[in-house]
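Residue numbers (UniProt numbering): 1 to 144. All residues carry an ideal CB built from backbone N, CA and C; glycine is no exception. Note sheet for the following structure.
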Amino acid sequence: MNYYPPCPRPDLVMGLNPHSDADALTLLLQVNDIEGLQIRKDGMWVPVEPLPNAFVVNIGDLMEMVSNGIYRSIEHRGTVNALKERISVATFYSPNMDAEIGPAPSLVTPDSPALFRRISVAEHLKGYFSGELRGKAYLDTMRI
Ligand SMILES: O=C(O)CCC(=O)C(=O)O
Ligand SMILES: [Fe+2]
Numbered sequence: 001m002n003y004y005p006p007c008p009r010p011d012l013v014m015g016l017n018p019h020s021d022a023d024a025l026t027l028l029l030q031v032n033d034i035e036g037l038q039i040r041k042d043g044m045w046v047p048v049e050p051l052p053n054a055f056v057v058n059i060g061d062l063m064e065m066v067s068n069g070i071y072r073s074i075e076h077r078g079t080v081n082a083l084k085e086r087i088s089v090a091t092f093y094s095p096n097m098d099a100e101i102g103p104a105p106s107l108v109t110p111d112s113p114a115l116f117r118r119i120s121v122a123e124h125l126k127g128y129f130s131g132e133l134r135g136k137a138y139l140d141t142m143r144i
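Below you can see the structure in the form of structure tokens.
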């Protein structure tokens with residue numbers, strides 16, 4: 001659960017730094033109808049308007065790795081509101097911790113070689129959480 005208190009100078013702070021999620025798929029509920037989630041599209045930050053009773057479905061880094069880059073994880077960030085608090089609930093879906101992940105063999109061909117190295121889910125998450133949230137920088141360390 002993420003709680004973003006109101007801030008009188010939202011232009012000076014970031015609620016949650018830009019990042020892509022480490023998991024395969026994220027289901028996110030924007031609980032109280034306050035804008036704050038933004039995705040990076042073509043280099044621009046685009047707000048994701050909260051829709052009542054709707055989940056936001058985000059592709060995470062593990063999905064990008066397993067799909068060998070076909071599904072790209074989405075870079076996003078959380079901004080704050082000058083007057084109102086904001087609450088979101090994120091649920092993160094990943095394979096078993098012991099699983100080894102990497103590009104699916106059926107997607108690796110002479111024309112499309114593996115773009116990511118193989119790693120256990122546990123090692124991947126450990127590496128991700130040992131650093132700061134910095135865009136897609138951690139996923140970049142997985143590239144071959
Ligand atoms: O608060 C939000 O809408 C985004 C939260 C988020 O990106 C996360 O928990 O990974
Ligand atoms: Fe996230």
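Looking at the structure shown, is residue i part of a helix, part of a strand, or coil, going by DSSP?
i, result
"residue 14", "coil"
"residue 71", "coil"
"residue 105", "helix"
"residue 1", "coil"
"residue 97", "coil"
"residue 115", "coil"
"residue 54", "coil"
"residue 139", "helix"
How far does the alpha helix (DSSP H) with residue i in it extend, from its first residue to its last?
i, result
"residue 128", "121–129"
"residue 62", "61–66"
Could you tell me how far apart the beta carbons of residue i and residue j are, in whole angstroms, since I believe they sit closer than 8 Å?
i, j, result
"residue 139", "residue 20", "6 Å"
"residue 97", "residue 122", "4 Å"
"residue 34", "residue 81", "6 Å"
"residue 16", "residue 55", "About 18 Å separates the two Cβ atoms, so there is no contact after all."
"residue 75", "residue 135", "6 Å"
"residue 38", "residue 47", "5 Å"
"residue 79", "residue 10", "6 Å"
So is residue i buried or exposed if we call it buried at 16+ other beta carbons inside 10 Å?
i, result
"residue 32", "exposed"
"residue 14", "exposed"
"residue 88", "buried"
"residue 70", "exposed"
"residue 144", "exposed"
"residue 94", "buried"
The beta strand (DSSP E) spanning residue i covers which residue range?
i, result
"residue 22", "Segment: none, residue 22 is in no beta strand (DSSP E) and carries neither H nor E."
"residue 34", "Unbroken run through residue 34: none, as it is neither H nor E."
By how many angstroms is the C-alpha of residue j removed from the C-alpha of residue i?
i, j, result
"residue 73", "residue 85", "27 Å"
"residue 44", "residue 105", "34 Å"
"residue 36", "residue 60", "19 Å"
"residue 58", "residue 24", "9 Å"
"residue 125", "residue 7", "31 Å"
"residue 41", "residue 18", "12 Å"
"residue 63", "residue 77", "19 Å"
Check whether the Cβ of residue i sits closer than 7 Å to any heavy atom of ligand 3, and report yes or no.
i, result
"residue 23", "For ligand 3, the structure offers nothing, since it holds only ligand 1 and ligand 2."
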